[in-house]
Structures are given as C-alpha cells and as structure tokens.
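Protein chains in written order, with our numbering: chain H, 28 to 263; chain C, 274 to 619.
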C-alpha cells in the first residue's frame with residue numbers, strides 16, 4: 028500500500044484563473060451560455076409542467092420565475108467580464124435533453140419530465156455551481172452563491188412529486204434514467220476542456236453531480252442499491 | 274449515533290467489496306470513476322457493550338483508496354465529502370479512520386469548513402488518537418513481559434515521537450510505565466528538543482542508532498521507504514509495535530527474535546454484526562477494529578459527544594485514563610501477541 032512518505036503530493040495549491048485572459052474569456056463564452064440556456068430550459072420546462080398539472084400551475088410558475096431570475100444573474104456575469112455568450116453553441120449542447128423533455132411532455136409522461144428537469148438538470152446545475160463558486164470572479168461568485176441559496180431554499184417540487192408517486196412511477200423513472208443519464212455524462216465530457224480553462228476539474232464536476240443526483244434519488248425514496256443500478260447508466 | 278469513516282486498503286479490494294455490496298456502477302469503474310464517486314453510508318450497526326449499554330452506528334466508506342494519495346485535491350474531497358455525509362446523517366461522533374485522519378492533518382483540512390451548504394462542525398469528529406495511544410501503551414505493557422522483557426529495565430524507542438500519538442505514548446511511558454530509558458526518534462530536531470524538555474528526560478537518537486539498543490520499539494510513523502536494517506544487530510527478543518498506518522512492519526522485521534505486534538487494534542468481547550471490518554484486513558473482523566474507530570463507539574457509550582481527540586499534542590494522561598477506563602468497562606481488550614508465541618515464552 029502506498030504511504031504518505033512514499034507519495035509525491037501534487038497540485039497542493041488552489042489557484043484562481045486569470046479572468047482577463049483570452050483563453051478564459053473564450054471558454055467562458057460557452058460555459059456562461061450553457062448556464063444561461065440551462066436556466067432558460069428550466070424556466071420553460073416548469074411552465075410546461077404547469078400545463079400538465081393545472082392545479083399546481085401557480086407553484087410551478089413561481090419556480091419558473093426563480094429560474095428566470097437566475098438566468099438574468101448569469102447573463103450579468105458574462106457582461107461583467109465583457110464576454111458574449113455563445114448561445115448557438117448552448118442551444119445545440121442542450122438539444123438532445125431538450126428533445127427528450129419535449130417528447131415526454133407531448134406524451135404527458137410526467138415522470139420522465141420530472142426526472143429530466145427536477146433530478147438531472149437540477150443536479151447538473153447545482154453541482155456545477157458548487158465547483159464554480161470556488162474559482163469564480165468576485166462578481167460571479169456572489170451571484171452564484173445567491174442562486175445556490177435559492178436552490179436549497181425552494182422545495183424541489185419535482186422531487187416531491189416523484190416521492191409521492193414513487194410506487195407507480197418507478198419503472199418509468201428507471202427507463203427514463205437509462206435514456207437520459209448518459210446524455211448528462213456526454214454533456215460533461217463535451218464541456219470538460221472549457222471547464223478546465225475555468226479551473227473546474229472534470230473529476231470534481233462529476234463527483235459533485237453524483238452527490239447531488241444520489242441525494243435527490245435518496246430523497247424520493249430509492250435505496251442505495253437501486254441508486255447504484257441507476258448510476259450504472261452513467262458509465263455506458 | 275456513532276460513525277466510522279473508512280476506506281479499502283487498495284483499489285483492487287475496493288472494487289471487490291463494491292461488487293459484493295451491489296454497487297456495480299463503482300465496482301466496474303476505473304480509478305477515475307472512483308475519484309468521482311460519492312461517499313457511501315454502507316452499513317448500520319447496533320452494538321451492546323459489556324455493561325449492557327446499546328448504541329447505534331454507521332459505517333461510511335469514503336471511496337478513497339490509497340492509490341489516490343498523490344492526488345491532493347481528490348484525497349481532500351474524499352475526506353471532506355465523507356465528513357459532510359456523516360454530519361448530514363445526524364451522526365453525533367465520527368472517527369476518521371485509516372488515511373482519512375492523516376489526510377485531514379497533513380493537508381490541513383481545518384481551513385475547509387464549508388462543504389456545499391454544510392458547515393462542518395468539528396465537535397462531531399474525532400481522530401481517535403487518544404484511544405490509539407492508550408491501546409499502544411497497554412499493548413507494550415502487557416506483551417513485553419510475555420517475551421521476558423522487563424520494562425523497568427528496558428530501553429524503549431518511540432519512532433515518530435513528536436507526532437500526536439507518539440508524544441502521548443512518550444508521556445505515558447515516562448510517567449506511568451516508568452521504562453528504564455526512552456529513546457526519542459523523529460525527523461525534526463526542534464520538536465524533539467521541545468518534547469525532551471516537557472518530558473524532562475528521554476534520549477534523542479537517529480533511527481539507525483536507536484534500533485540496535487532497543488528492547489522494544491513503538492512505531493507511530495510510517496516506515497521510511499528505503500529503510501534497510503540488518504536484523505541481526507537488533508536485540509533478541511525485541512518487541513515491535515506497529516502503530517503506524519498502513520501496517521507493514523512485519524514484512525521488514527518479523528522473525529529471529531523480533532516480534533511484531535499490530536498496534537492500536539482492539540478486540541470487542543462479542544461479535545458485532547458488521548461486514549466492513551473485513552476491508553480493514555482484521556483477523557477477526559467481527560470483533561477486531563482500529564482503536565480510533567472504537568474511540569467513536571466509546572464516546573457514544575459515554576454520551577461524550579465532543580471532538581475528544583483533535584489537533585496535535587492535545588492528548589493528556591487524564592484523557593488517556595478516561596478513554597482507557599471506558600474501553601475496559603465496555604468490553605474492549607487490546608490485541609496481544611499470538612497465543613503460540615505466548616506459550617513458547619511462558
């Protein structure tokens with residue numbers, strides 16, 4: 028077994044990137060766009076879900092408005108750095124997940140819709156924000172910290188719905204997960220180099236995602252073996 | 274509830290254990306997957322002490338493996354995430370086992386109090402070093418006579434004397450055990466001189482000078498990588514207590530009158546219904562465990578929810594007395610030399 032004595036420790040210092048470098052700004056134009064697009068997607072998705080559950084439409088609308096507020100905050104982060112967000116790239120980046128949500132919405136598959144929005148997109152966002160906060164410029168750090176606070180304060184309606192309907196929706200949940208979790212993995216892979224330019228490690232992004240994902244699934248009432256089976260889809 | 278944070282002894286073992294537990298997604302993954310794997314609360318356990326007190330606990334696998342030691346950020350995350358999980362689960366007192374307390378100390382994780390939306394409350398964690406130090410001292414006191422070593426006349430070397438456990442062992446041996454001569458071995462001179470001053474005794478020596486003079490050696494430092502010692506120059510008999518982590522002294526020293534005892538290990542009086550001690554390679558995994566883990570259990574038995582062992586050089590003899598008495602009362606005994614050896618020296 029290795030020991031501390033025999034091991035050369037590397038990367039012992041946390042470094043902040045140079046926020047003014049061209050390389051940083053170039054990467055930021057895509058990462059910032061993804062975040063803005065992600066919040067916009069969340070806004071639209073919660074409004075769509077309100078159409079499927081009319082008696083909860085008000086509650087879902089409140090969530091949608093919160094996501095819109097976050098979108099504006101992140102737009103300001105890009106402007107503050109003098110970066111133009113590459114929205115064309117971001118739209119393309121989200122299109123497979125967007126397509127799957129729209130298909131499920133048209134088929135009124137609430138479980139699939141909630142898995143995509145309330146579990147996968149939420150976990151993807153919050154995990155990225157946690158990693159980003161540590162290496163963000165001061166302006167963006169403040170905004171992101173407030174977004175994270177919001178996310179923890181509001182009740183994750185989708186999670187609550189899945190919890191309440193778990194017995195009847197488990198099969199669909201598993202199936203939807205199998206189709207959509209690999210998309211998240213490939214989204215992370217696509218963004219790894221740009222995230223690296225922002226000093227966000229892919230390994231850490233993945234770990235934070237898995238923690239948030241696992242927490243959500245535990246919260247809705249799945250046991251750790253079921254979660255392990257679901258997480259396996261991320262390896263394929 | 275008490276908690277134990279541990280890890281497997283190698284990547285290979287970790288994968289096998291994950292497979293056994295049904296965590297296929299991790300088991301099938303390569304080291305990168307493990308680096309991104311969240312900690313897992315893998316087991317709940319109920320323990321009844323020798324005086325009938327019942328406590329409940331949980332084992333958290335940090336998903337750290339020693340192969341990650343060179344990756345500072347990964348190792349740091351593994352420890353902090355496991356601690357966050359323990360706190361989120363409402364565990365009152367959790368011991369940091371194996372490399373996790375070493376990483377905490379050496380990588381100075383005290384400055385990382387905030388983990389996501391959790392502010393780590395250090396009061397909920399213990400390194401378990403007080404119990405480990407007490408157990409090592411008792412192992413020496415109980416086993417040296419079995420080998421014919423009279424500690425009142427013996428020279429005892431403590432390798433790693435200035436560390437948290439090492440300095441506590443030195444204090445105990447000089448004030449309680451009363452060994453004939455204490456040999457202090459460590460890398461840095463300044464803390465050695467300070468230790469010698471507080472002990473008002475002890476002789477500072479280099480490792481190669483100290484070993485041939487010692488009737489007993491307590492190792493609480495990891496073994497230097499390139500250490501080559503001619504076993505024939507060591508005393509016969511010589512008792513070596515392997516109190517470091519990982520425990521690899523027997524590979525180097527065992528045989529020809531040198532008796533290596535795994536240090537800082539205790540045995541509970543009854544079987545505990547857990548499976549996780551197998552990954553710590555205990556000989557009797559249902560009963561044996563690291564003393565640091567047992568400290569969390571003892572603190573829970575005693576309703577003493579505080580970071581009993583924390584920081585460096587805070588271990589007093591009074592604290593060792595407290596945890597030692599609790600250890601005996603609740604049914605722990607210290608690991609001794611093998612019975613066949615005992616009989617041959619009887």
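Think of the CB as a built atom: it goes at the ideal place given N, C-alpha and C, for glycine as much as any other residue.
For residue i, decide whether its Cβ has a neighbour in chain C, counting only Cβ atoms nearer than 8 Å.
{"i": "residue 228 of chain H", "result": "yes"}
{"i": "residue 241 of chain H", "result": "yes"}
{"i": "residue 255 of chain H", "result": "yes"}
{"i": "residue 66 of chain H", "result": "no"}
{"i": "residue 252 of chain H", "result": "yes"}
{"i": "residue 70 of chain H", "result": "no"}
{"i": "residue 249 of chain H", "result": "no"}
{"i": "residue 44 of chain H", "result": "no"}
Could you give the DSSP three-state label for residue i: helix, strand or coil?
{"i": "residue 227 of chain H", "result": "coil"}
{"i": "residue 185 of chain H", "result": "helix"}
{"i": "residue 55 of chain H", "result": "helix"}
{"i": "residue 319 of chain C", "result": "strand"}
{"i": "residue 39 of chain H", "result": "Low per-residue confidence applies at residue 39 of chain H: pLDDT is 48, beneath 50, and the placement is therefore not dependable enough to give any value."}
{"i": "residue 364 of chain C", "result": "coil"}
{"i": "residue 301 of chain C", "result": "coil"}
{"i": "residue 492 of chain C", "result": "strand"}
{"i": "residue 574 of chain C", "result": "helix"}
{"i": "residue 540 of chain C", "result": "strand"}
{"i": "residue 605 of chain C", "result": "strand"}
{"i": "residue 563 of chain C", "result": "strand"}
{"i": "residue 462 of chain C", "result": "helix"}
{"i": "residue 313 of chain C", "result": "strand"}
{"i": "residue 389 of chain C", "result": "coil"}
{"i": "residue 546 of chain C", "result": "coil"}
{"i": "residue 615 of chain C", "result": "The pLDDT assigned to residue 615 of chain C is 41, lower than 50, so where the model puts this residue is not dependable; a value taken from the coordinates is nonetheless given after this. If DSSP states are grouped into helix, strand and coil, residue 615 of chain C belongs with the helices."}
{"i": "residue 660 of chain C", "result": "Chain C is shown only over 274 to 619; residue 660 of chain C falls outside these bounds and no answer can be derived."}
{"i": "residue 332 of chain C", "result": "strand"}
{"i": "residue 438 of chain C", "result": "helix"}
Suppose you measure from the CA of residue i to the CA of residue j; what does that come to, to the nearest Å?
{"i": "residue 89 of chain H", "j": "residue 132 of chain H", "result": "19 Å"}
{"i": "residue 172 of chain H", "j": "residue 120 of chain H", "result": "25 Å"}
{"i": "residue 164 of chain H", "j": "residue 221 of chain H", "result": "16 Å"}
{"i": "residue 425 of chain C", "j": "residue 293 of chain C", "result": "49 Å"}
{"i": "residue 311 of chain C", "j": "residue 610 of chain C", "result": "38 Å"}
{"i": "residue 239 of chain H", "j": "residue 601 of chain C", "result": "42 Å"}
{"i": "residue 495 of chain C", "j": "residue 313 of chain C", "result": "28 Å"}
{"i": "residue 646 of chain C", "j": "residue 474 of chain C", "result": "Because chain C in this structure spans residues 274 to 619, residue 646 of chain C falls outside the shown range and cannot be described."}
{"i": "residue 642 of chain C", "j": "residue 450 of chain C", "result": "For residue 642 of chain C there is no data in the structure shown, the boundaries of chain C being 274 and 619."}
{"i": "residue 481 of chain C", "j": "residue 419 of chain C", "result": "26 Å"}
{"i": "residue 68 of chain H", "j": "residue 212 of chain H", "result": "18 Å"}
{"i": "residue 110 of chain H", "j": "residue 145 of chain H", "result": "29 Å"}
{"i": "residue 542 of chain C", "j": "residue 583 of chain C", "result": "28 Å"}
{"i": "residue 61 of chain H", "j": "residue 73 of chain H", "result": "18 Å"}
{"i": "residue 244 of chain H", "j": "residue 393 of chain C", "result": "23 Å"}
{"i": "residue 404 of chain C", "j": "residue 367 of chain C", "result": "14 Å"}
{"i": "residue 200 of chain H", "j": "residue 170 of chain H", "result": "33 Å"}
{"i": "residue 37 of chain H", "j": "residue 155 of chain H", "result": "Note on residue 37 of chain H: pLDDT 47, under 50, position unreliable in the model; the coordinate value appears next. Each residue's alpha carbon lies about 24 Å from the other."}
{"i": "residue 158 of chain H", "j": "residue 276 of chain C", "result": "27 Å"}
{"i": "residue 618 of chain C", "j": "residue 416 of chain C", "result": "Annotation note: pLDDT 39 at residue 618 of chain C (below 50); position unreliable, no value reported."}
{"i": "residue 354 of chain C", "j": "residue 436 of chain C", "result": "26 Å"}
Got a sec: is the Cβ-Cβ distance from residue i to anything in chain H below 8 Å?
{"i": "residue 479 of chain C", "result": "no"}
{"i": "residue 614 of chain C", "result": "The predicted position of residue 614 of chain C is uncertain, since its pLDDT is 48 and thus under 50; a value taken from the coordinates is nonetheless stated next. For residue 614 of chain C, the answer is no, since every Cβ of chain H falls outside 8 Å of its Cβ."}
{"i": "residue 390 of chain C", "result": "yes"}
{"i": "residue 350 of chain C", "result": "yes"}
{"i": "residue 313 of chain C", "result": "yes"}
Can you name the residues of chain C whose CB is closer than 7 Å to the CB of residue i?
{"i": "residue 259 of chain H", "result": "297, 298"}
{"i": "residue 179 of chain H", "result": "390"}
Can you list the residues of chain H that residue i reaches, using a CB-CB cut of under 8 Å?
{"i": "residue 310 of chain C", "result": "234, 237"}
{"i": "residue 305 of chain C", "result": "230"}
{"i": "residue 347 of chain C", "result": "230"}
{"i": "residue 354 of chain C", "result": "234, 238"}
List the residues of chain C that residue i touches, going by C-beta distances under 8 Å, in chain order.
{"i": "residue 97 of chain H", "result": "Chain C residues near residue 97 of chain H: none, gap ~16 Å exceeds 8 Å."}
So with CB distances below 7 Å, who are the chain H contacts of residue i?
{"i": "residue 285 of chain C", "result": "In chain order: nothing, as chain H lies at least about 11 Å away."}
May I ask you to list, following chain order, the residues of the segment 140-171 of chain H that have a beta carbon less than 8 Å from some beta carbon of chain A?
-> Reference to chain A is not applicable here, since the protein chains of this structure are H and C.
Within the chosen definition, does the segment 514-521 of chain C reach the segment 450-457 of chain C through at least 3 CB pairs nearer than 8 Å?
-> no
contact_flag[the segment 381-390 of chain C, the segment 547-567 of chain C] where n(CB pairs < 8 Å) is 3 or more | no
Are the segment 366-374 of chain C and the segment 277-291 of chain C touching, with three or more C-beta to C-beta distances below 8 Å?
-> yes
Quick one: any contact between the segment 337-347 of chain C and the segment 563-576 of chain C, if contact means 3 or more CB pairs under 8 Å?
-> no
Does the segment 245-254 of chain H come within contact of the segment 346-365 of chain C, defined as at least 3 CB pairs closer than 8 Å?
-> no
Would you call the segment 405-413 of chain C and the segment 429-443 of chain C touching, i.e. three or more CB-CB distances under 8 Å?
-> yes
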